[in-house]
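A.B. asks: Please find one structure pasted underneath; my questions will follow.
Number of protein chains: 2
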Amino acid sequence: MNTTQLHQQILRKKSFLCVGLDSELKKIPAHLKSEKNPIFAFNKAIVDATAPYSVAYKPNLAFYEAEGVEGWLQLEKTVAYIREKYPEIFIIADAKRGDIGNTSKLYAEAFFKSMNLDAVTLSPYMGRDTVQPFLEYEDKWAVLLALTSNSSSADFEQLQLSNGKKLYEQVLETSKTWGNIDNTMYVVGATKAEMLREIRQMIPDHFLLVHGVGEQGGSLDEVAKYGLNSRCGLLVNSSRGVIFADSSENFAKVAGEKAQELQQQMAKYL
Amino acid sequence: MNTTQLHQQILRKKSFLCVGLDSELKKIPAHLKSEKNPIFAFNKAIVDATAPYSVAYKPNLAFYEAEGVEGWLQLEKTVAYIREKYPEIFIIADAKRGDIGNTSKLYAEAFFKSMNLDAVTLSPYMGRDTVQPFLEYEDKWAVLLALTSNSSSADFEQLQLSNGKKLYEQVLETSKTWGNIDNTMYVVGATKAEMLREIRQMIPDHFLLVHGVGEQGGSLDEVAKYGLNSRCGLLVNSSRGVIFADSSENFAKVAGEKAQELQQQMAKYL
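Protein chains in written order, with the numbering used here: chain B, 53 to 322; chain Z, 53 to 322.
Okay, here's the thing in structure tokens:
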């Protein structure tokens, strides 16, 4: 999916919500656990309930790999279901991969060709080699970790370099020259709103994938205030706050309501 | 596997060779491609031929994920085969994962419990949260990326910090306090032998997983000279140079010979 298609979807749905499909088997409602493919059954119901309010889904691969072959199968089923029923929706593999060139090339093939996903999250630690293969696909996206929302982002991401910049700032400066605003996004934590403002000054035109609104204490108001740009430029992720809002047989209906609440707040800023 | 068991195996086999099972479907010998599980058939033959000379295997997950469910299944079969036939061998998932705490916890469960692997490679970018869950398993190992052998390791890993250290040096300094020498290893590139000497001064007692000997121009002599410690402290990886040394029906025999050559060189240093 290209930027124009993504932006059009955002304007049509008046939403920049990304729903994180962190569909841990242990946490899905009890009544689904006897299904043949419980994670897929859960995702299907969640997607049907939230698709009117969401522009993107983001399965975190850990929750599928944890179930081995069975989990991987249910991830493939989930992606195929979204692709068929909601072809306008942007799908991000939250994989946080990063490997040397020939290996990254294979990951890119797996995620972009075999699975037909739109985007993959990547760790920048090993440098350009690890990102380049993902930038060679048309209308596909590399989503680089920049400043994450976890507390230990201070350990390395926020270290001060000898040139006065912080590491995550240097990651932005260096990596923005590898691709362009139509194939590169950045992961930014909503819990660091002041930093978001500075990040926006450094990369005014890139899309940001923002984590930590609600669940980790980040404020949608502040994210919108500092993060929006002329093409929206934001995908704000919510995972547990939407998909695990209710654990009864009503779970999908409640997830839909939570997604709608977020969409209605987002509509005010668009 | 604990340090003593690993060290004993090293002494018994007079080898610190780790064979990288980068078993890309496209590259395996043509005559295997009609097998039901061609990657597993390839790995099985490679393992049988190289096990007398190797103390560890390291499947890079990219090459399995590239084949989706089928690839994952063949990875599981490979690990089960090694575990059953060669229980003394150390198995590392080259996954380069790194995610927030609850997600890392799940990855740790998947790799250590479900798949019964000994070690997982991890990216340090997001800090301690991402590593901690892997350190909570007895006789299991977190293998952190420190200084990798790819050319773009200069982009970020080698950046100078305001305290005078390079980023990879700070990664070593900080992360060595999270665990201990019995549950933490580091990935170091063999192409940077001078740096290996300095790394050994900073972490005299940790095991290092060294990439890039042969294939990427690193020298085993220099790695041994700078890297060995009282418990050996080295696992030197070779992937393509062993497993793809020959593409005929003789591939396994030739792989065994290549592994033996490396083992014989290693024996001199032990």
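For every residue, glycine included, the Cβ atom is placed at its ideal position computed from N, Cα and C.
Excluding five sequence neighbours on each side, which residues of the same chain lie with their C-beta closer than 6 Å to the C-beta of Lys85 (chain B)?
C.D. replies: none
A.B. asks: In the DSSP assignment, the alpha helix (DSSP H) including Met53 (chain Z) goes from what residue to what residue?
C.D. replies: In the DSSP annotation of this structure, Met53 (chain Z) is not part of any alpha helix (DSSP H), being labelled neither H nor E.
A.B. asks: Strictly under 8 Å for the Cβ-Cβ distance: is Tyr177 (chain B) near chain Z by that measure?
C.D. replies: yes
A.B. asks: Determine which residues of the region 112 to 142 of chain B have a Cβ less than 7 Å from any Cβ of chain Z, and write them out in chain order.
C.D. replies: Asn112, Ala114, Phe115, Glu117, Ala118, Gly120, Val121, Trp124, Leu125 and Glu128
A.B. asks: Once DSSP output is grouped into helix, strand and coil, what is the label at Tyr167 (chain Z)?
C.D. replies: Before going on, a small fix: residue 167 (chain Z) reads as Met here, not Tyr. Three-state result, Met167 (chain Z): coil.
A.B. asks: Quick one, are the C-beta atoms of Gly308 (chain B) and Ala93 (chain B) less than 8 Å apart?
C.D. replies: no
A.B. asks: With 8 Å set as the bound, which would you pick, yes or no: does the beta-carbon of Ile295 (chain Z) sit closer than that to a beta-carbon of chain B?
C.D. replies: no
A.B. asks: In chain order, what residues of the same chain have a beta carbon less than 6 Å from the beta carbon of Ala97 (chain Z), not counting five sequence neighbours either side?
C.D. replies: In its chain, beyond the 5 residues on either side, Ala304 have a beta carbon closer than 6 Å to the beta carbon of Ala97 (chain Z).
A.B. asks: In the DSSP output, what is Ala145 (chain Z) paired with across the bridge?
C.D. replies: Beta-bridge pairing links Ala145 (chain Z) to Z:Val172.
A.B. asks: Since Tyr116 (chain B) and Val71 (chain B) should fall inside the 8 Å C-beta cutoff, what is the C-beta to C-beta distance between them, to a whole number of angstroms?
C.D. replies: Their Cβ separation, rounded to whole angstroms, is 16 Å, which puts Tyr116 (chain B) and Val71 (chain B) out of contact at 8 Å.
A.B. asks: Tell me whether Ser236 (chain B) sits in a helix, a strand or coil according to DSSP, three-state version.
C.D. replies: Correcting the residue identity first, residue 236 (chain B) is Thr in this sequence and not Ser. It is a strand residue.
A.B. asks: If we ignore side chains and look at the alpha-carbon of each, how far apart do Leu199 (chain B) and Phe296 (chain Z) end up?
C.D. replies: Rounded to the nearest angstrom, the gap between the Cα atoms of Leu199 (chain B) and Phe296 (chain Z) is 39 Å.
A.B. asks: List, from N- to C-terminal side, the alpha helix (DSSP H) runs of 4 residues or more that fit wholly inside the region 102 to 136 of chain B.
C.D. replies: Considered as a whole, the region 102 to 136 of chain B harbours 114 to 117 as its complete alpha helix (DSSP H) runs of no fewer than 4 residues, in chain order.
A.B. asks: Cβ of Leu260 (chain Z) within 8 Å of Cβ of Leu219 (chain Z)?
C.D. replies: no
A.B. asks: So, are the CB atoms of His263 (chain Z) and Thr236 (chain Z) less than 8 Å apart?
C.D. replies: It is not a contact, given that the beta carbons lie outside the stated cut-off.
A.B. asks: What do you reckon, are the CB atoms on Val107 (chain B) and Leu169 (chain B) nearer than 8 Å?
C.D. replies: no
A.B. asks: Which residue marks the beginning of the alpha helix (DSSP H) containing Ser290 (chain B), and which one marks its end?
C.D. replies: Premise fails: Ser290 (chain B) lies in the beta strand (DSSP E), Leu286 to Ser290, not in any alpha helix (DSSP H).
A.B. asks: To the nearest angstrom, how far is the alpha carbon of Leu327 (chain B) from that of Asp151 (chain B)?
C.D. replies: Nothing about residue 327 (chain B) can be read from this structure; chain B reaches only from 53 to 322.
A.B. asks: Under 8 Å, do Lys137 (chain B) and Gln315 (chain B) count as touching if we go by C-beta distance?
C.D. replies: no
A.B. asks: Leaving out the 5 sequence neighbours to the left and right, which residues in its chain are closer than 6 Å to Gly231 (chain B) when beta-carbon positions are compared?
C.D. replies: Leu187
A.B. asks: Asp298 (chain Z): which of Z:Ser290, Z:Val288, Z:Lys310 and Z:Ile255 sits nearest, CA to CA?
C.D. replies: Z:Lys310
A.B. asks: If distances are taken between C-alpha atoms only, which option among B:Glu209, B:Val223, B:Val172 and B:Glu87 comes closest to Asp191 (chain B)?
C.D. replies: B:Val172
A.B. asks: Just to confirm before moving on: does the CB-CB distance between Ala245 (chain Z) and Gly179 (chain B) stay below 8 Å?
C.D. replies: no
A.B. asks: Check the Cβ of Arg149 (chain Z) against every Cβ in chain B and list those closer than 8 Å, keeping chain order.
C.D. replies: Ala114 and Lys148
A.B. asks: Determine whether the Cβ of Ala162 (chain Z) lies closer than 8 Å to any Cβ atom of chain B.
C.D. replies: Between Ala162 (chain Z) and chain B, the shortest Cβ-Cβ separation is below 8 Å.
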